[in-house]
Amino acid sequence: MRSIHPEFFILSASCSDFRDEDNALRTREMEDELRFSLLLYKKVQGVYKGVPEDSFLVVVDDTAGILELANSYNQESVLHVSPMREAALIYLSDRPPVYQGLWTEVTAHTARYEDNYTSDAEGRYYITRRNT
1 MRSIHPEFFI LSASCSDFRD EDNALRTREM EDELRFSLLL YKKVQGVYKG
51 VPEDSFLVVV DDTAGILELA NSYNQESVLH VSPMREAALI YLSDRPPVYQ
101 GLWTEVTAHT ARYEDNYTSD AEGRYYITRR NT
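For the sequence shown, position 119 matches number 119 in the working numbering, and the numbering has no gaps at all.
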């Protein structure tokens with residue numbers, strides 16, 4: 001049986017059509033908002049559709065607040081990870097959530113073969129993996 005963990009979201013302030021300098025500024029602004037809100041968060045490196053982006057892992061029980069924050073930065077989606085480590089992309093449009101699989105720690109080597117993964121400052125790598 002899997003253990004229960006805190007619910008969290010992975011989100012970014014980056015947009016693919018913005019310059020690196022603009023995305024860096026947006027990331028600093030988002031971090032300021034997270035700090036001001038007193039939410040528990042940490043910086044992570046996300047890779048989404050093969051593109052690296054500075055991101056945040058945010059532990060929260062206010063889904064609406066996180067979606068509002070992501071929407072204010074014109075994000076397409078956020079990754080939601082449930083207490084049972086079930087991961088889904090939550091779209092900010094009318095699209096329904098899309099199940100991604102279990103949030104799973106893997107080696108750096110394994111993660112780098114994926115189009116989407118997350119790494120943290122402690123050197124841990126995570127992917128979502130569907131049960132087969």
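Virtual Cβ for every residue (Gly too), placed ideally from N, Cα, C.
Within 10 Å of its beta-carbon, does residue 84 have 16 or more other beta-carbons around it, so buried, or fewer, so exposed?
Counting from 1 along the sequence shown, the entry for residue 84 is found at position 84. By the neighbour-count rule (16 or more Cβ atoms within 10 Å), residue 84 is not buried but exposed.
What are the complete beta strand (DSSP E) segments, minimum 3 residues, inside the stretch 13 to 58?
Fully enclosed beta strand (DSSP E) runs of 3 or longer: 40 to 48.
Let me confirm a value: residue 36 is counted as buried when at least 16 other C-beta atoms fall within 10 Å, else exposed. Which label applies?
Reading the sequence shown from its first residue, position 36 is the one you call residue 36. Counting Cβ neighbours within 10 Å, residue 36 comes out exposed, since fewer than 16 surround it.
Tell whether a beta-carbon distance below 8 Å holds between residue 11 and residue 55.
For the purposes of this step, residue 11 is taken as residue 11 along the sequence shown, with counting starting at 1. For the purposes of this step, residue 55 is taken as residue 55 along the sequence shown, with counting starting at 1. Yes, these two residues count as a Cβ contact at 8 Å.
What is the rounded straight-line gap between the Cα of residue 92 and the Cα of residue 100?
Sequence index remark: in the sequence shown, residue 92 carries index 92 (1-based). Sequence index remark: in the sequence shown, residue 100 carries index 100 (1-based). In a straight line, the C-alpha of residue 92 is about 16 Å away from that of residue 100.
Label residue 87 either buried or exposed according to how many other C-beta atoms from any shown protein chain fall within 10 Å of its C-beta, with 16 as the threshold for buried.
Your numbering for residue 87 matches position 87 in the sequence shown. Under this definition residue 87 is a buried residue.
Around the Cβ of residue 5, are there at least 16 other Cβ atoms within 10 angstroms (buried) or fewer (exposed)?
Here the question's residue 5 lines up with position 5 in the sequence shown. Residue 5 should be labelled exposed.
Roughly how many angstroms separate the alpha carbons of residue 1 and residue 27, rounded to a whole number?
As a first step, residue 1 must be located in the sequence shown, where it is residue number 1. As a first step, residue 27 must be located in the sequence shown, where it is residue number 27. Its pLDDT being 47, under 50, residue 1 is placed unreliably in this model, and the value from its coordinates should be taken loosely. Answer to the nearest angstrom: the Cα atoms are 37 Å apart.
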